[in-house]
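Engineer:
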Amino acid sequence: MQAFIKTAPGVGNMVVAEAPVPAPQPGEALVRIKNSGMCGTELLVHDDVYRGRNRPLLFPLIVGHEASGEVVELGPGTDGPTPGTRVGIEGVSGCGRCFHCIRGNYNLCPDWHHIGLTRPGSHAEFVAVPTSSLLRLPDDVSFENAAFLEPLATVVHTLDRTRPTPGQPAAIIGPGPLGLLHLQVLRSAGLCPILVLGRRGDETRLELARALGADAAIVADQQEAREQAARFTDGIGMALVIETAGTPEAVQTALDIAGGKGTVATLGLARTTEIDALTVMRKDLTWMGVVASVRRHYAEAIRLVRTGKVHPERLITHRMPLAEGLSGVSLMRDCKAVKIMFIPGA
Numbered sequence: 020m021q022a023f024i025k026t027a028p029g030v031g032n033m034v035v036a037e038a039p040v041p042a043p044q045p046g047e048a049l050v051r052i053k054n055s056g057m058c059g060t061e062l063l064v065h066d067d068v069y070r071g072r073n074r075p076l077l078f079p080l081i082v083g084h085e086a087s088g089e090v091v092e093l094g095p096g097t098d099g100p101t102p103g104t105r106v107g108i109e110g111v112s113g114c115g116r117c118f119h120c121i122r123g124n125y126n127l128c129p130d131w132h133h134i135g136l137t138r139p140g141s142h143a144e145f146v147a148v149p150t151s152s153l154l155r156l157p158d159d160v161s162f163e164n165a166a167f168l169e170p171l172a173t174v175v176h177t178l179d180r181t182r183p184t185p186g187q188p189a190a191i192i193g194p195g196p197l198g199l200l201h202l203q204v205l206r207s208a209g210l211c212p213i214l215v216l217g218r219r220g221d222e223t224r225l226e227l228a229r230a231l232g233a234d235a236a237i238v239a240d241q242q243e244a245r246e247q248a249a250r251f252t253d254g255i256g257m258a259l260v261i262e263t264a265g266t267p268e269a270v271q272t273a274l275d276i277a278g279g280k281g282t283v284a285t286l287g288l289a290r291t292t293e294i295d296a297l298t299v300m301r302k303d304l305t306w307m308g309v310v311a312s313v314r315r316h317y318a319e320a321i322r323l324v325r326t327g328k329v330h331p332e333r334l335i336t337h338r339m340p341l342a343e344g345l346s347g348v349s350l351m352r353d354c355k356a357v358k359i360m361f362i363p364g365a
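Each residue of the sequence shown is one higher than the last, beginning at 20 in the working numbering.
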């Protein structure tokens with residue numbers, strides 16, 4: 020089969036090459052991939068800056084984790100969806116035995132696994148995954164939209180944690196796919212106004228943000244972000260700020276533009292960050308991280324798609340075969356794409 024593979028540590032070392040079709044093990048299903056969306060994580064893996072939570076990447080590694088497809092076969096002695104069943108794929112799985120797993124929070128499992136990072140991923144014609152990670156798709160959810168369920172479930176997790184109130188002002192820092200999915204869900208939840216902030220090079224993504232209902236979507240440095248947040252809230256500040264940009268500056272900006280008693284949710288993959296802790300204390304902020312999602316978040320993500328509250332397909336700017344995988348990396352690096360959707364076998 021054809022697959023997009025990180026062959027070794029170091030910058031680059033990614034190729035589209037032939038790989039064996041995986042044989043599903045007990046408890047697994049083999050899925051023929053119909054759509055697999057490219058995530059910014061693949062860019063971090065390409066640049067050798069991604070650092071996993073609990074284990075190093077194992078090479079060679081097939082990347083990709085936002086996918087949908089059809090069940091082909093089950094592993095020996097395995098119960099699960101019959102061949103031909105349309106499925107989405109949950110990215111994270113836990114050990115099932117630890118403190119967090121037995122409480123349903125397997126996204127926090129210290130021994131977690133994630134397709135495309137700790138096990139072979141979805142940028143391939145086939146992938147073997149635990150049957151517990153399969154999501155049966157309703158007939159009215161397309162394969163394309165199902166490939167967004169993994170990031171959309173993370174957005175649902177954000178709302179689960181932050182519990183926003185309709186009518187509250189919100190800001191999103193980072194107009195990438197995750198930020199734009201947040202925009203659609205916050206708009207459907209009645210938050211208003213919604214401000215989307217980007218940096219130079221994000222103009223195409225900011226234009227899409229406006230089309231998706233942002234009250235304003237602008238390029239802004241830290242000072243401009245503070246001024247715009249004050250203008251949209253009569254100086255009060257944002258009740259909710261979602262940070263998806265993954266830079267130290269974005270994290271500090273999120274804290275700066277939040278109003279008193281506001282909530283800041285960090286989803287970007289920024290690492291070492293200097294923070295003015297007095298900002299958090301003096302404004303009585305709630306600052307939280309949001310990582311991945313669990314099954315109940317996927318159920319709500321499917322509902323949002325089925326009811327038309329969210330239109331993930333509007334984020335797709337490029338549809339391409341796996342053979343053009345490296346072109347996808349270049350498009351993402353240059354901010355010339357919003358969401359790239361690979362079509363294995365095309």
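Even glycine gets a Cβ: it sits at the ideal position worked out from N, Cα and C.
Please read all numbers here as calculations on a predicted model, not as lab measurements.
1. So for R224, helix, strand or coil by DSSP?
2. Helix, strand or coil, according to DSSP, for G327 in the structure here?
3. In the DSSP assignment, the alpha helix (DSSP H) including A208 goes from what residue to what residue?
4. Under a three-way DSSP split, which group does N54 fall into?
5. Tell me whether the beta-carbon of T26 lies closer than 9 Å to the beta-carbon of L76.
6. Could you pull the start and end residues of the alpha helix (DSSP H) that Q21 belongs to?
7. Distance check for S349 and L341, CA to CA, integer angstroms please.
8. Do I213 and L202 have their C-beta atoms closer together than 9 Å?
9. Per DSSP, E89 forms a beta bridge with which residues?
10. To which residues of the same chain is E163 closer than 6 Å at the C-beta, ignoring the five residues directly before and after it?
11. If V313 and N124 are in contact, beta carbons under 8 Å, what's the gap, nearest whole angstrom?
12. Following the continuous beta strand (DSSP E) through G281, name the residue where it begins and the one where it ends.
13. Does the stretch 320-340 come within contact of the stretch 115-135, defined as at least 3 CB pairs closer than 8 Å?
14. Select from V283, I255, P149 the residue whose C-alpha is nearest the C-alpha of W131.
15. Pull up the CB-CB distance for H176 and H316, whole angstroms please, since I reckon it's below 8 Å.
16. I need the DSSP call for G344, collapsed to helix, strand or coil.
17. In chain order, what are the residue ranges of uninterrupted beta strand (DSSP E) at least 3 long that sit wholly in the stretch 243-320?
18. Since V91 and V50 should fall inside the 8 Å C-beta cutoff, what is the C-beta to C-beta distance between them, to a whole number of angstroms?
19. Where does T97 fall in DSSP's three states?
20. Quick one: Cα of F251 to Cα of P139, how far?
21. Which of the three DSSP states, helix, strand or coil, is assigned to G193?
22. Does the Cβ-Cβ distance between M307 and T291 come in under 9 Å?
23. Using the Cα positions of G193 and R229, report the straight-line distance between them to the nearest angstrom.
24. For the stretch 232-239 and the stretch 255-264, state whether three or more C-beta atom pairs, one from each stretch, are separated by less than 8 Å.
25. Who are K358's beta bridge partners in DSSP?
26. Considering only the alpha carbon of each residue, which of M20, M351, Y69, E61 lies closest to I52?
Structural biologist: So, from the data block:
1. helix
2. Three-state result, G327: coil.
3. Unbroken run through A208: none, as it is neither H nor E.
4. strand
5. no
6. Run containing Q21: none in the alpha helix (DSSP H); it sits in the beta strand (DSSP E), 21-25.
7. Taking the straight line joining both Cα atoms gives about 14 Å.
8. Against a cut-off of 9 Å, the Cβ pair of L202 and I213 comes out as a contact.
9. Per DSSP, R51, R105.
10. N54, E332
11. 7 Å
12. Note, G281: beta strand (DSSP E), 277-285.
13. no
14. Between W131 and the set V283, I255, P149, the nearest pair of CA atoms involves P149.
15. 5 Å
16. helix
17. 257-262, 277-285, 305-308
18. 7 Å
19. coil
20. As the crow flies, the alpha-carbon of F251 is around 45 Å from that of P139.
21. coil
22. no
23. Their Cα atoms are separated by approximately 13 Å.
24. no
25. According to DSSP, K358 bridges with I335.
26. M20
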